[in-house]
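**Student:**
There are 2 protein chains.
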Amino acid sequence: MPATLHDVSRLAGVSIKTVSNVINDYPYVSDSTRAKVLAAISELDYTPNLSARSLRSGRTNVISLLIPELRSAYFAELADSVMRAASKRGLSVLIEQFGNDRESELSVLRNRRGRSVDGILYSVLTLEESDRDVIAGLKAPTVLLGDRIFNGPTDHVTMQNAEGARAATSLLLEHGRRRIVALGSHPGEVVGSGGLRLAGYREALDAAGVDVDERLMVPGGTWHRADGAQAMREFLSRDIPFDGIVAFNDTLALGALRVVQERGLRVPEDVAIIGFDDLDETNYSTPTLSTIDAGRDAIAQRAVELLVRRIEGADSSEVEEVAVPFRIIERESTSLTRGV
Amino acid sequence: MPATLHDVSRLAGVSIKTVSNVINDYPYVSDSTRAKVLAAISELDYTPNLSARSLRSGRTNVISLLIPELRSAYFAELADSVMRAASKRGLSVLIEQFGNDRESELSVLRNRRGRSVDGILYSVLTLEESDRDVIAGLKAPTVLLGDRIFNGPTDHVTMQNAEGARAATSLLLEHGRRRIVALGSHPGEVVGSGGLRLAGYREALDAAGVDVDERLMVPGGTWHRADGAQAMREFLSRDIPFDGIVAFNDTLALGALRVVQERGLRVPEDVAIIGFDDLDETNYSTPTLSTIDAGRDAIAQRAVELLVRRIEGADSSEVEEVAVPFRIIERESTSLTRGV
DNA sequence: GTGAAAGCGCTAACAC
DNA sequence: GTGTTAGCGCTTTCAC
Chain A
9 MPATLHDVSR LAGVSIKTVS NVINDYPYVS DSTRAKVLAA ISELDYTPNL
59 SARSLRSGRT NVISLLIPEL RSAYFAELAD SVMRAASKRG LSVLIEQFGN
109 DRESELSVLR NRRGRSVDGI LYSVLTLEES DRDVIAGLKA PTVLLGDRIF
159 NGPTDHVTMQ NAEGARAATS LLLEHGRRRI VALGSHPGEV VGSGGLRLAG
209 YREALDAAGV DVDERLMVPG GTWHRADGAQ AMREFLSRDI PFDGIVAFND
259 TLALGALRVV QERGLRVPED VAIIGFDDLD ETNYSTPTLS TIDAGRDAIA
309 QRAVELLVRR IEGADSSEVE EVAVPFRIIE RESTSLTRGV
Chain B
9 MPATLHDVSR LAGVSIKTVS NVINDYPYVS DSTRAKVLAA ISELDYTPNL
59 SARSLRSGRT NVISLLIPEL RSAYFAELAD SVMRAASKRG LSVLIEQFGN
109 DRESELSVLR NRRGRSVDGI LYSVLTLEES DRDVIAGLKA PTVLLGDRIF
159 NGPTDHVTMQ NAEGARAATS LLLEHGRRRI VALGSHPGEV VGSGGLRLAG
209 YREALDAAGV DVDERLMVPG GTWHRADGAQ AMREFLSRDI PFDGIVAFND
259 TLALGALRVV QERGLRVPED VAIIGFDDLD ETNYSTPTLS TIDAGRDAIA
309 QRAVELLVRR IEGADSSEVE EVAVPFRIIE RESTSLTRGV
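Listed in order, the protein sequences are those of chains A and B.
Using my numbering, you'd call the opening residue of the first sequence number 9 and step up by one each time.
Using my numbering, you'd call the opening residue of the second sequence number 9 and step up by one each time.
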């Protein structure tokens with residue numbers, strides 16, 4: 009039976025309010041009273057009951073992070089960033105996974121009901137602008153991450169997908185590559201990270217006056233390593249000439265890297281490869297992987313910041329759209345080939 | 009202002025108790041009453057206030073998972089397994105990271121106080137048997153994971169470290185390797201995954217009548233990829249002959265793999281490598297990595313099961329020590345070398 | 001089958 | 001500076 013405020017107040021010989029004052033750092037408590045109370049707290053090993061506090065205050069100090077899956081390195085690193093940012097503000101993070109298909113994503117959104125969190129960070133995977141009512145129906149302030157829904161009902165933090173992909177593609181072009189595979193595009197997709205990155209790829213080719221060959225746009229399933237490997241195997245079997253790969257995330261790139269080398273092609277000499285996300289791992293592949301750092305850490309920080317603002321309610325201003333800057337990181341998989 | 013039970017009862021024209029009965033599937037409610045109540049709930053978009061429910065019931069339906077860091081693939085995969093197991097039992101998981109050193113681990117344990125969770129799964133990194141009072145001081149039923157504390161104050165689920173490492177080493181021995189590096193050992197460590205795996209390594213060598221060479225025991229820092237790479241660079245600079253590596257986790261193995269290949273050594277021809285953990289990624293390295301599947305998924309399931317038993321309080325029996333079985337998974341990094 | 005009412009532990013308005 | 005007290009929304013005992 010854990011001790012309550014009441015127990016503490018009795019032991020310290022003061023009222024319950026005084027104990028509460030001490031706990032909440034209310035300044036006007038005499039030093040001697042404070043000492044008595046602290047002694048009682050420590051003797052009883054008292055800890056506040058957070059459920060009671062939440063009930064009373066209407067705040068839980070917990071936020072939810074909705075992501076497709078934690079096993080993906082990108083989301084693990086994102087979750088880590090979010091937890092650090094949240095912890096600075098005294099918030100805990102409850103992670104909820106929804107998998108990789110639209111049905112389970114919808115179902116998690118609909119069934120989570122008011123899970124008694126103060127706010128929600130939701131990394132959209134498959135939903136679209138037309139699903140905005142599902143998002144508006146969430147029972148807590150929400151900030152969207154990801155790139156499928158713009159002008160949604162809530163604040164939104166995103167990365168510069170098109171610009172990043174454009175820079176990645178331009179880098180390969182500068183290195184003299186002309187037959188560049190876009191790995192991870194989904195046929196006909198215009199929104200979402202895939203669609204936007206594909207647009208950036210096209211822009212770069214156009215700007216350089218290089219023909220766009222639809223056969224070089226290789227779909228990448230759910231962007232896992234196996235998808236990258238599988239897609240490249242299939243692509244290689246079609247004997248289409250190529251000398252570079254812009255992969256739409258690092259995991260795809262690493263899968264492709266493996267397959268390309270398996271076939272005896274050298275990276276970067278025969279095929280230059282660049283990914284997207286700057287996962288820890290890209291520093292340790294053979295060769296190390298060039299990539300776009302899309303600003304995952306900044307995204308987490310801005311998102312938590314915006315969410316806290318909404319939670320505090322101090323700010324009922326216009327919905328914000330924030331795009332954080334990206335950085336191009338060149339490593340071995342594209343190096344030493346300038347001017348070829 | 010969210011609707012309360014009271015609002016619902018008023019709209020449905022019944023008492024608050026009846027609404028509560030409907031929500032909690034109490035059987036003796038007439039169909040017509042139930043229908044009225046459900047209609048009111050849906051009209052008001054009512055969701056129970058979990059804080060109030062927790063305050064009243066003393067249960068939060070949340071468990072904490074304490075791990076060193078989510079960015080490590082192993083812990084991301086473990087967290088995923090735990091969340092799935094927990095979700096089957098209606099529990100949410102609050103992940104708390106404590107980093108990689110003893111001080112922060114202790115500090116998180118001490119300061120988390122009664123964070124109002126029903127139970128705690130704690131993956132021990134640096135604490136030892138002598139720290140058992142810190143663990144006993146946790147304010148909720150706890151199940152330990154990992155391999156530093158046996159005969160602790162709580163249930164404990166572990167993997168077969170020594171047996172797994174022994175099997176891994178034996179595999180290389182069977183392939184004719186005699187100069188096998190133990191990567192990730194910490195000098196003088198006897199407890200913990202590192203100490204146990206090193207013991208298994210020694211056992212295998214002894215059983216095969218192969219001399220143990222202390223110079224082949226290479227420390228691996230915090231078992232990250234960079235540690236594996238760094239340790240192997242240093243080891244290679246010392247020109248000690250070797251033909252195999254038993255790495256104490258997959259991440260170390262992947263870091264080592266990279267460095268070994270960088271130096272022009274062929275895997276598995278010149279150096280056979282085997283890891284530990286069966287990370288998703290080991291299927292996609294070049295070459296694919298042989299490894300020990302230590303049963304991460306089974307560990308998560310058993311741990312949640314044990315924790316739930318303690319939470320329900322139905323069972324105050326003896327503390328349990330559970331070791332889940334392991335599996336050896338042979339891939340390219342050790343293949344084609346039998347009998348060399 | 002349904003209703004009235006107590007109380008979980010805390011915070012904060014208000015009184016002294 | 002400190003004490004009293006109402007009430008957050010829910011579950012549950014006990015009447016009816």
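For glycine and all other residues, C-beta sits at the position ideal for the given N, C-alpha and C.
1. Give the range of the alpha helix (DSSP H) segment to which R28(B) is assigned.
2. Would D126(A) and I75(A) qualify as a contact pair, given that the criterion is a beta-carbon distance under 7 angstroms?
3. Can you say whether V220(B) is buried or exposed, counting buried as having 16 or more other CB atoms within 10 angstroms of its CB?
4. Taking 7 angstroms as the CB-CB limit, is E171(B) close to chain A?
5. From the DSSP output, read off the bridge partner residues of V189(B).
6. Could you tell me the boundaries of the alpha helix (DSSP H) in which D214(A) lies?
7. Rounded to the nearest angstrom, how far is the Cβ of D258(B) from that of T299(B), given a contact under 8 angstroms?
8. Tell me whether G347(A) sits in a helix, a strand or coil according to DSSP, three-state version.
9. I'd like the list of long-range same chain contacts for L2(A), defined as Cβ closer than 7 angstroms, with 5 residues on each side in sequence excluded.
10. Let me know the alpha helix (DSSP H) ranges lying completely inside the stretch 92-149 of chain A, each 4 residues or longer, listed in chain order.
11. Any Cβ of chain A within less than 7 angstroms of the Cβ of T294(B)?
12. So, for V189(A): in the same chain, excluding its five sequence neighbours on each side, which residues have a beta-carbon less than 6 angstroms away from its beta-carbon?
13. Taking DSSP as the reference, what is the three-state secondary structure of S325(A)?
14. Does chain B have any CB closer than 7 angstroms to the CB of D88(A)?
15. Closer than 7 angstroms, CB to CB, is E78(A) near chain B or not?
16. If contact means a Cβ-Cβ distance below 7 angstroms, which residues of the stretch 58-70 of chain A contact chain B?
17. For A331(B), which of R110(B), N159(B) and L13(B) has the nearest alpha-carbon?
18. Could you work out which residues of chain A lie near K147(B), taking near to mean beta carbons separated by less than 8 angstroms?
19. Looking only at its chain, what residues have a beta carbon closer than 6 angstroms to the beta carbon of R346(A), apart from the 5 residues adjacent to it on each side?
20. What does the alpha-carbon distance come out to for the pair V45(A) and A60(A)?
21. Between which two residues does the beta strand (DSSP E) harbouring M167(A) extend?
22. Out of curiosity, what's the CA-to-CA distance linking G66(B) and V151(A)?
23. Mind checking G192(B): buried by the 16 CB within 10 Å criterion, or exposed?
24. Leaving aside the five residues before and after V218(B) along the sequence, list all residues of the same chain whose C-beta is less than 6 angstroms from its C-beta, in chain order.
25. I'd like to check one pair, R233(B) with G200(B): are the Cβ atoms closer than 7 angstroms?
26. Step through the CB atoms of chain A and report whether any lies within less than 7 angstroms of the CB of Q269(B).
27. Strictly under 7 angstroms for the Cβ-Cβ distance: is I228(A) near chain B by that measure?
28. Taking 7 angstroms as the CB-CB limit, is L129(A) close to chain B?
29. Could you tell me whether any Cβ in chain A is nearer than 7 angstroms to the Cβ of R346(B)?
30. List the residues of chain B that G263(A) touches, going by C-beta distances under 9 angstroms, in chain order.
31. How about A360(A) and R205(A): do their beta carbons lie closer than 7 angstroms?
32. In its own chain, which residues sit with a C-beta less than 7 angstroms from the C-beta of N29(B), not counting the 5 before and 5 after it?
33. In chain A, which residues lie with their C-beta within 8 angstroms of the C-beta of Q351(B)?
34. Tell me, to the nearest whole angstrom, how far the beta carbon of S89(A) is from that of R304(A); I am working on the premise that it is less than 8 angstroms.
35. From which residue to which residue does the beta strand (DSSP E) around V70(A) run?
36. When Cβ atoms are compared, which residues of the stretch 208-228 of chain B fall closer than 8 angstroms to chain A?
**Tutor:** So, from the listed chains and residues:
1. According to the sequence provided, residue 28(B) is Ser. The question's Arg does not apply to it. Counting along the chain, the alpha helix (DSSP H) containing S28(B) begins and ends at I24 to I31.
2. The Cβ atoms of D126(A) and I75(A) lie no closer than 7 angstroms to each other.
3. Exposed: under 16 other Cβ atoms inside 10 Å.
4. For E171(B), the nearest beta carbon of chain A is not closer than 7 angstroms to its own beta carbon.
5. Note: V189(B) is bridge-paired with I253(B) in the DSSP secondary-structure output.
6. It spans G200 to A215 - the alpha helix (DSSP H) in which D214(A) sits, taken as one unbroken run.
7. So it is a contact: roughly 6 angstroms between Cβ atoms.
8. Since pLDDT at G347(A) reaches only 44, below the 50 mark, its modelled position is unreliable, and the value read off the structure follows with that caveat. G347(A): coil per DSSP, three-state reduction.
9. Because chain A is modelled from 9 through 348, residue 2(A) falls outside the range shown and cannot be assessed.
10. Runs of the alpha helix (DSSP H) lying entirely within the stretch 92-149 of chain A, each at least 4 residues long, are 110-119 and 140-144 in chain order.
11. It does: the Cβ of T294(B) has a partner Cβ on chain A nearer than 7 angstroms.
12. Excluding residues within five positions, the ones whose Cβ falls inside 6 angstroms are L224, V226, F250 and I253.
13. It is coil, neither helix nor strand.
14. Chain B, which has a Cβ nearer than 7 angstroms to the Cβ of D88(A), makes this yes.
15. Note on residue identity: the sequence assigns Leu, not Glu, to residue 78(A). Yes, because at least one Cβ of chain B sits closer than 7 angstroms to the Cβ of L78(A).
16. Listed in sequence order: L58, S59, A60, S62, L63 and T68.
17. Nearest of R110(B), N159(B) and L13(B) to A331(B), Cα basis: N159(B).
18. By Cβ distance, chain A contributes P10 and T55.
19. Since pLDDT at R346(A) reaches only 46, below the 50 mark, its modelled position is unreliable, and no value is offered.
20. Going from the Cα of V45(A) to the Cα of A60(A) covers about 20 angstroms.
21. Unbroken beta strand (DSSP E) run through M167(A): D163 to M167.
22. Rounded to the nearest whole angstrom, the C-alpha separation of G66(B) and V151(A) is 31 angstroms.
23. With 16 or more other CB atoms across the displayed protein chains lying within 10 angstroms of its CB, G192(B) is buried.
24. In its chain, beyond the 5 residues on either side, R186 have a beta carbon closer than 6 angstroms to the beta carbon of V218(B).
25. No.
26. For Q269(B), the answer is yes, since a Cβ of chain A falls inside 7 angstroms of its Cβ.
27. Reading off the sequence shown, one finds Gly at residue 228(A), where the question assumed Ile. By this cut-off, G228(A) is not an interface position.
28. No, no contact with chain B.
29. Because R346(B) sits at a pLDDT of 46, beneath the cut-off of 50, its placement in the model cannot be relied upon, and the point is left open.
30. Listed along the chain, the chain B residues whose CB falls inside 9 angstroms of the CB of G263(A) are Y292.
31. The question about residue 360(A) has no answer here: the residues shown for chain A are numbered 9 through 348.
32. Once the five neighbours on either side are set aside, the close Cβ partners of N29(B) are V37.
33. With chain B represented from 9 up to 348, any question about residue 351(B) goes unanswered, as that position is not in the structure.
34. The pair is a contact, with the Cβ atoms about 6 angstroms apart (cut-off 8 angstroms).
35. V70 to I75 is the extent of the beta strand (DSSP E) around V70(A).
36. Within the stretch 208-228 of chain B, no residue has a Cβ lying closer than 8 angstroms to any Cβ of chain A.
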